[in-house]
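Enquirer: Pasting a structure below so you can have a look.
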Amino acid sequence: MDKYISITGLAADVAKESIGAAFLISRSLFKSEEQTLQDWTDSGVKAVVASEFSSRFTKMALQNGILPITLSDEQIKQLLQNVSDRPGYKLTVNLESQTVSDEFGLSVPFEADSFYKRCLMDGVDIVSFALSAEKAIEAYEEKWNK
Amino acid sequence: MPTPKTILDKIWDAHLVQSADGAVPLVYIDYQLLTEVAGPQAFERLRSDGRDIWRPDRTIATIDRNVSAKAAKTPEVEKQIQSLVDNCREKCIGCFGIGNVNQGLIYVVAPEQGIVQPGMTIVSGALHASTCGALGALALEVNAKESECVLAAQSMPMVKPKLMEIRVNGALPPGSSAKDLAMAVLIKAFDLMRQDELLDQYVIEYTGEAIRTLNMTGRLTLCNMTSYSGALSAIIAPDELTFKYLKGRPHCPMLGREFDAAVTKWKSFRSDDGCAYDKTIQIDASEIKPTVSWGIAPGFSLSIDDCIPLTDEHLNDFCHHLMHKALKFMGFSPLWNMTDIAVDCAFIGSSAGGRLGDLRAAAKVVKGYKCNPNVTAVVSPGSGIVKMKAEAAGLDKIFLDAGFRWGEPGSSNIELEDAPTNGICASTSSEFQICSGVRTCLVSPAMAAAAAITGKFTDIRNWEYR
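Chains as they are written, first to last, in numbering that gives the first Met the number 0: chain A, 0 to 145; chain B, 0 to 465.
Structure (structure tokens):
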């Protein structure tokens, strides 16, 4: 997994044409199957932006290297307006400072889970995270006779 | 005095590999259960990431449901099955394949083989992992990434769930079964959702007199269906019934000293008196009547003697919308009596209705009767073992004489493929909405059997047993 720090890329409305986009913006509660998420990871999607995510989706997205960003309905509306008004509209997502910004002066903070933030910034997926505790797992198996 | 702990606290403490500041705790998983649907994807990821399997002996696979001769013909299903079998062979993972007498639905097989034991942590990518909670294990459904993680490290990062107690007081009245209790729980969960409260952070522990008197078939059905509440899982503290159930099962400790020592350990996995639950709700079992689900989501269920409700204006937008959708989908109208609704097919099987106890309950109803000629009726034993035992008890004859089909283990609703498209099915499965092209109304095994005979939903409390 690549390290996730500050990424600039095309933004798109998830309900419309979104090929090549790094950031998908959704008007409604975001739902998706894991296979779709994986396809997105493969096609370079870095974040999805919506006003609400299910807890199941949030975890699954983070584990697949995609950042779910929760913004207000107002902010979503504004972003979608920008996407349709300005062909080639780009966003910058800075995970370190937890802000979404554009070149026209927009700058909005967002919340991020601290554990997954660190995993994404270090480029570590949950499997690498678990395997980094190899010694602890072995010690556990030894202690509990497993 | 030490602080009283819940069953969840105890299982959690016994599986914590590492808990560092700022990181999600790493939790050890005793077994991962794989099927042809959930398995291949995890193997593929593991391979593409260049990782190996940590503990092949703590991974167990079974060909779950794609067994019927009809289903096996589709190339996609063939491919899934072959992929699971090949992966298991390559990685030295035990797999109950087709033709193996132990093969069957994963959540019938895993308890039946004694793989699931009290105090264990279990994960699976297959829906309804919560079933395993009936034996006092913490069993969680995982996504493909987590499944890969457990294959690679036998552990996964996990936030500790909250624990909700559902105390079921009193006793179930005659005619009411675990299935009816499960639907009562789902109605409660739906009520909470109506108040915008979700259960997605909770494991549900069932306690109370009605739970203690449920047999293991009933406990497994209840825990299986709990996954529809939106909760992470369900769990029932082990007791003498659990130990008796596990005794002598292939994966359990050897009878004698080893088994006795295991029982002593298993007994500790219970919530201490005075422990703190994050939430408690109570249900009175004596009020639970035989129930039918009439819609597309859990919570749309009612007593057999009731009628389809009027759409409720007190519902929030989401639920209101869902209710309209349910009526339209099912083709029902408000105020229809449930017992006037005709059924086109009846299905007895699945991991919430295909165990020996379920088949016995249904056979008792069927004995001496013939199926209604308009009903396609199918029985599908949940595993090879269930099938064998049922045949030894002569249950297959009772069903076949009445005009039921007797399917292969785990063949699921696939046997219903030639039933009328969009037909209404009285089903013991755990799938609301639709399965193999028929619209399902969930009922207990006895009620599904009765519907097959009368051709409509039938109140089992008035049944004349022959």
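Ideal Cβ positions, reconstructed from N, Cα and C, are used throughout, including at glycine.
Measure the C-alpha to C-alpha separation of V82/A and L70/A and round it to an integer number of angstroms.
Expert: Residue mapping note: residue 82/A aligns to position 83 of the first sequence, counting from 1. Residue mapping note: residue 70/A aligns to position 71 of the first sequence, counting from 1. Just so you know, the alpha carbons of V82/A and L70/A end up roughly 16 Å apart.
Enquirer: Spell out whether any CB of chain B is found under 9 Å from the CB atom of D12/A.
Expert: Indexing the first sequence from 1 puts residue 12/A at position 13. Closer than 9 Å: no.
Enquirer: Please classify W143/A as buried or exposed, where buried requires at least 16 neighbouring CB atoms within 10 angstroms.
Expert: Counted from its first residue, the first sequence places residue 143/A at position 144. Label assigned to W143/A: exposed.
Enquirer: With 8 Å as the limit, tell me which residues of the stretch 147-158 of chain B have their beta carbon closer than that to any beta carbon of chain A; keep them in chain order.
Expert: Those would be E147, C148, A151, A152, Q153, S154, M155 and P156, in chain order.
Enquirer: Closer than 6 Å by C-beta to V13/A: which residues in its own chain qualify, once you throw out the five before and the five after it? Chain order, please.
Expert: Residue numbering aside, residue 13/A sits at position 14 when the first sequence is read from its first letter. Once the five neighbours on either side are set aside, the close Cβ partners of V13/A are L23 and S25.
Enquirer: Name the chain B residues whose beta carbon is nearer than 7 Å to that of F128/A?
Expert: Residue numbering aside, residue 128/A sits at position 129 when the first sequence is read from its first letter. For F128/A, the chain B residues whose C-beta falls within less than 7 Å of its own C-beta are P156, listed in chain order.
Enquirer: Just to confirm, are T130/B and L185/B a CB contact at a threshold of 9 Å?
Expert: In the second sequence, residue 130/B corresponds to position 131, counting from 1. In the second sequence, residue 185/B corresponds to position 186, counting from 1. Their beta carbons are not under 9 Å apart, which means T130/B does not touch L185/B by this criterion.
Enquirer: Please confirm if V115/B has its CB atom under 9 Å from at least one CB of chain A.
Expert: Here residue 115/B corresponds to residue number 116 of the second sequence, with the count starting at 1. So no, V115/B is outside the interface.
Enquirer: DSSP three-state call for W11/B: helix, strand or coil?
Expert: Looking up residue 11/B in the second sequence gives position 12. Helix at W11/B.
Enquirer: List the residues of chain B whose Cβ lies closer than 8 Å to the Cβ of M59/A, in chain order.
Expert: Taking the first residue of the first sequence as 1, we reach residue 59/A at position 60. Under the 8 Å cutoff, chain B gives N142 and K144.
Enquirer: Pick from T58/B, T439/B and P55/B: whose alpha carbon is nearest that of I340/B?
Expert: On the second sequence, residue 340/B is found 341 positions in, with the first residue counted as 1. Checked all of T58/B, T439/B and P55/B; the closest Cα to I340/B is T439/B.
Enquirer: With 9 Å set as the bound, which would you pick, yes or no: does the beta-carbon of I125/A sit closer than that to a beta-carbon of chain B?
Expert: For the purposes of this step, residue 125/A is identified with residue 126 of the first sequence, where counting begins at 1. Yes - at least one Cβ of chain B is within 9 Å of the one on I125/A.
Enquirer: Grouping DSSP H, G and I as helix and E and B as strand, with all else coil, what is I114/B?
Expert: Counted from its first residue, the second sequence places residue 114/B at position 115. DSSP places I114/B in coil when its eight states are reduced to three.
Enquirer: Identify which residue in D417/B, R211/B, L25/B and R248/B has its Cα closest to the Cα of A152/B.
Expert: If you number the second sequence from 1, residue 152/B lands on position 153. The residue from D417/B, R211/B, L25/B and R248/B with its alpha-carbon nearest to that of A152/B is L25/B.
Enquirer: Assess, as a yes-or-no matter, whether the stretch 119-129 of chain B is touched by the stretch 81-100 of chain B under the definition of 3 or more beta carbon pairs within less than 8 Å.
Expert: Output reads no: the stretch 119-129 of chain B does not touch the stretch 81-100 of chain B.
Enquirer: Output yes or no for whether 9 Å exceeds the beta carbon distance between V76/B and G353/B.
Expert: Numbered from 1 along the second sequence, position 77 holds the residue referred to as residue 76/B. Numbered from 1 along the second sequence, position 354 holds the residue referred to as residue 353/B. For V76/B and G353/B, no; Cβs fall outside 9 Å.
Enquirer: Once the 5 residues before and after V158/B are set aside, which same chain residues still bring their CB inside 7 Å of it?
Expert: Against the second sequence, residue 158/B aligns to sequence position 159. Excluding positions up to five away in sequence, the list reads V23.
Enquirer: Who pairs with C94/B in a beta bridge, going by DSSP?
Expert: Counting from 1 along the second sequence, the entry for residue 94/B is found at position 95. Under DSSP, C94/B shares a beta bridge with A60/B.
Enquirer: Alpha carbons only, please: which of K396/B, G402/B, S350/B and D400/B is nearest the one belonging to P380/B?
Expert: Locating residue 380/B in the second sequence gives position 381, counting from the first residue. Looking at the Cα atoms, S350/B is the closest of the given residues.
Enquirer: Beta-carbon of W143/A versus every beta-carbon of chain B: anything under 9 Å?
Expert: The count along the first sequence starts at 1 and reaches residue 143/A at position 144. Yes, contact with chain B.
Enquirer: Can you check which of these residues, E35/B, P39/B, E43/B and A41/B, is closest to I62/B by C-alpha distance?
Expert: Numbered from 1 along the second sequence, position 63 holds the residue referred to as residue 62/B. Ranking E35/B, P39/B, E43/B and A41/B by Cα distance to I62/B puts E35/B first.
Enquirer: Check whether the stretch 83-95 of chain B touches the stretch 362-372 of chain B, counting contact only when three or more Cβ pairs, one atom from each stretch, lie closer than 8 Å.
Expert: no
Enquirer: Mind listing the chain A neighbours of R50/B? Cutoff is C-beta to C-beta under 7 Å, in chain order.
Expert: One-based indexing of the second sequence puts residue 50/B at position 51. Residues of chain A passing the Cβ test: V126.
Enquirer: Can you check whether the C-beta of I6/A is within less than 9 Å of a C-beta belonging to chain B?
Expert: Translated into positions along the first sequence, residue 6/A becomes position 7. Answer no: the Cβ-Cβ gap between I6/A and chain B never drops below 9 Å.
Enquirer: Between Q80/A and chain B, is the shortest Cβ-Cβ distance under 9 Å, so that the two count as touching?
Expert: In the first sequence, residue 80/A corresponds to position 81, counting from 1. Against chain B, the CB of Q80/A has no partner CB under 9 Å away; the residue lies outside that interface.
Enquirer: Using the DSSP secondary-structure output, state which residues sit across from C306/B in a beta bridge.
Expert: Here the question's residue 306/B lines up with position 307 in the second sequence. Answer is N336/B.
Enquirer: Can you tell me where the alpha helix (DSSP H) holding S113/A begins and where it ends?
Expert: Residue mapping note: residue 113/A aligns to position 114 of the first sequence, counting from 1. That run of the alpha helix (DSSP H) goes S113 to D121.
Enquirer: Assign E196/B to buried or exposed, taking buried as 16 or more other Cβ atoms, counted over all protein chains shown, within 10 Å of its Cβ.
Expert: Along the second sequence, read from residue 1 onward, the residue named residue 196/B stands at position 197. Exposed is the call here.
Enquirer: Does any residue of chain A have a CB that is nearer than 9 Å to the CB of L321/B?
Expert: As a working note, residue 321/B is residue 322 in the second sequence. No, because no Cβ of chain A sits closer than 9 Å to the Cβ of L321/B.
Enquirer: Going by Cα to Cα distance, which pick from W293/B, K4/B and L309/B is closest to T338/B?
Expert: Stepping through the second sequence from its first residue, residue 338/B is reached at position 339. Among W293/B, K4/B and L309/B, the Cα nearest to that of T338/B belongs to W293/B.
Enquirer: Could you check whether the Cβ of Q17/B sits closer than 9 Å to any Cβ belonging to chain A?
Expert: By one-based count along the second sequence, residue 17/B stands at place 18. Closer than 9 Å: yes.
Enquirer: Going along the chain, which residues of its own chain have a beta-carbon closer than 7 Å to the beta-carbon of P408/B, five neighbours each way excluded?
Expert: Taking the first residue of the second sequence as position 1, residue 408/B is located at position 409. Counting only residues of its own chain and dropping the five nearest sequence neighbours on each side, P408/B has a CB closer than 7 Å to the CB of V66, Q102, G103, P380, G381, S382, G383, V385 and K386.
Enquirer: Output the distance between the C-alpha atoms of E390/B and F456/B, rounded to the nearest integer angstrom.
Expert: Numbered from its first residue, the second sequence carries residue 390/B at position 391. Numbered from its first residue, the second sequence carries residue 456/B at position 457. Rounded to the nearest angstrom, the two C-alpha atoms are 27 Å apart.
Enquirer: What does V23/B reach in chain A if we use C-beta pairs closer than 7 Å?
Expert: Here residue 23/B corresponds to residue number 24 of the second sequence, with the count starting at 1. Residues of chain A passing the Cβ test: F114.
Enquirer: Pull up the distance between the alpha-carbon of V262/B and that of V48/A, whole angstroms please.
Expert: Residue numbering aside, residue 262/B sits at position 263 when the second sequence is read from its first letter. Residue numbering aside, residue 48/A sits at position 49 when the first sequence is read from its first letter. Looking at the two C-alpha atoms, the distance is approximately 51 Å.
Enquirer: From which residue to which residue does the beta strand (DSSP E) around E164/B run?
Expert: Here residue 164/B corresponds to residue number 165 of the second sequence, with the count starting at 1. Its beta strand (DSSP E) spans residues K161 to N168.
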